[in-house]
Amino acid sequence: MNSLIDLAVKNLSDILQDAIKIQSTERALVLYDKVAPLAQILTDGYRRALPEAEFLDIDSVTPEEAIEKMRSMKSGDLVVLVQSMNFRLNEFRIRIELFSRNLKTIEHIHLARMSEDQFETYIHSLAYDKEYYRPLGHALKRKMDLAKQVVVECFGGTKLVYEAPMEDAKMNIGDYTEMKNVGGTFPIGEVFTETTDFKKVNGEVMIFGYADANHRVKIVEPFVAQIKESILTAPNAPEDFQEILKMIQESEEVTVREFGLSLNPSMSKNVVVNDITAYERQLGLHISLGAKHAIYPKPGFHRKKGRYHVDVFIDIERISVDEEAIFSEGKFCVEKDST
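Here my numbering is used: position 149 in the sequence shown is 1060, and no number is missing along the way.
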């Protein structure tokens, strides 16, 4: 346990210094609970990484007292949320409130979903190497923003082709220099976009993992899914995946929206954590199923009426942008920017 705390201290300190860039003049508040063992490990890590911070056990106060404490923080201060699941403070929407007050934020959620044998993987996934994430993230954004065609080839011989430009890519790489808000949910590591024309996304992919009905990651023998004009079908998928598709179909089409290039090298097809929010960053590609993706407004897709955004993980062998490989042999191979 002590070695895990030591590792947490190192990785959290790097996040604080290199991503959040907390200053000695800025206050820090850590809100935590004691339910999940992993939450306790991270809280102990923050006690050493942020020795001057104020710590508040969320279960020792009323929701009103917790809200008042957060509202006492000044613009530029830091609030850390260490949550076994996610804090419920009446109708108070924590992250929206924190960002509206210009507060830096680090959020850890669903820590109770990780089993003990996954603690080390999760803590490793918090490692922040700015010399890896930033150049690679900016390089991938540049490629996706200029792309005319994207081809995804999977083990098993399938091919999915995007024959239209992509939307302006967004980055989650710990670089907040040109962003309104500082921080977010950790672990990080993603460059995501979606097509500008759903009718131009056609082919097949191999799916090796997805979020089950309890929002936990399930890894399976890869199976084929067909995609026609961005609508996914998978007649030979496992039964529980078929149930997920039926659930989506009850209210909307199974639309492939998000195209997520995930950069975190601490997680992979063979190194898994149960929580979908964390595992979404695993090194590779994930796509979302369902109408919900508020980042990119589209005709026919109401921002607030789309119900589903189900992440699935693709068994990729190669990704090419305009016939140039950006992912091959298990890693991203795009020429990195000097940003």
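Positions of the beta carbon are idealized from the N, C-alpha and C atoms, including for glycine.
Can you tell me whether DSSP reads residue i as helix, strand or coil?
i: residue 922; result: helix
i: residue 994; result: coil
i: residue 1049; result: helix
i: residue 1107; result: coil
i: residue 1250; result: Confidence is the limiting factor: at residue 1250 the pLDDT is only 49, short of 50, which leaves the residue's position unreliable, though a coordinate-based value still follows. DSSP places residue 1250 in coil when its eight states are reduced to three.
i: residue 953; result: helix
i: residue 1005; result: helix
i: residue 1077; result: strand
i: residue 943; result: strand
i: residue 1070; result: strand
i: residue 1042; result: helix
Just curious, the alpha helix (DSSP H) that residue i is in, first and last residue?
i: residue 1121; result: No alpha helix (DSSP H) holds residue 1121; the beta strand (DSSP E) holding it covers 1112-1122.
i: residue 1032; result: 1030-1036
i: residue 1189; result: 1187-1190
i: residue 1150; result: 1150-1160
Does the Cβ of residue i have 16 or more other Cβ atoms within 10 Å, making it buried, or fewer, making it exposed?
i: residue 1211; result: exposed
i: residue 1091; result: exposed
i: residue 1024; result: buried
i: residue 973; result: exposed
i: residue 1177; result: buried
i: residue 1205; result: exposed
i: residue 912; result: exposed
i: residue 1007; result: exposed
i: residue 1037; result: buried
i: residue 1192; result: buried
i: residue 1057; result: exposed
i: residue 914; result: exposed
If you follow the beta strand (DSSP E) that residue i is part of, which residue opens it and which one closes it?
i: residue 1176; result: That residue, residue 1176, is in no beta strand (DSSP E); it is neither H nor E in DSSP.
i: residue 1229; result: 1227-1232
i: residue 1064; result: 1061-1065
i: residue 969; result: Careful: residue 969 lies outside any beta strand (DSSP E) and carries neither H nor E.
i: residue 930; result: First-last for residue 930: undefined, no H or E at that position.
i: residue 1251; result: Residue 1251 cannot be examined here, being either before or after the span of the chain that is shown, 912 to 1250.
i: residue 1144; result: 1142-1144
i: residue 1137; result: 1128-1139
i: residue 1015; result: 1015-1019
In whole angstroms, what separates the C-alpha of residue i from that of residue j?
i: residue 1055; j: residue 1173; result: 14 Å
i: residue 1033; j: residue 1098; result: 8 Å
i: residue 1035; j: residue 1046; result: 20 Å
i: residue 998; j: residue 940; result: 15 Å
i: residue 1074; j: residue 1245; result: 20 Å
i: residue 1243; j: residue 1183; result: 19 Å
i: residue 1235; j: residue 1127; result: 34 Å
i: residue 1250; j: residue 1080; result: For residue 1250, the pLDDT reaches just 49, beneath the cut-off of 50, and the residue's location in the model is therefore unreliable, although a value from the coordinates is still provided. The alpha-carbon atoms of residue 1250 and residue 1080 are separated by roughly 16 Å.
i: residue 953; j: residue 1041; result: 21 Å
i: residue 1232; j: residue 943; result: 43 Å
i: residue 1181; j: residue 1129; result: 12 Å
i: residue 982; j: residue 1155; result: 40 Å
i: residue 1053; j: residue 1241; result: 21 Å
i: residue 1105; j: residue 963; result: 42 Å
i: residue 1222; j: residue 1000; result: 27 Å
i: residue 977; j: residue 1226; result: 43 Å
i: residue 1190; j: residue 934; result: 30 Å
i: residue 932; j: residue 926; result: 8 Å
Does at least one heavy atom of the ligand FMN sit under 7 Å from the Cβ of residue i?
i: residue 1062; result: Of the ligands one can find in the structure shown there are none, so the ligand FMN has no counterpart to examine.
- prompt: Between the segment 967-981 and the segment 1017-1028, do at least 3 Cβ pairs fall closer than 8 Å?
  reply: no
- prompt: Is the segment 1187-1206 touching the segment 1109-1128 in the sense that three or more CB pairs, one from each, lie closer than 8 Å?
  reply: yes
task: Could you say if the segment 1074-1090 and the segment 1120-1139 meet the contact criterion of at least three C-beta pairs nearer than 8 Å?
output: no
Stretch-stretch touch, CB-based, cutoff 8 Å, three pairs: the segment 955-964 with the segment 920-927: yes
- prompt: Is the segment 1145-1163 touching the segment 1200-1219, taking contact as three or more C-beta pairs under 8 Å?
  reply: yes
message: Count Cβ pairs between the segment 982-990 and the segment 1061-1068 that sit closer than 8 Å; are there 3 or more?
response: no
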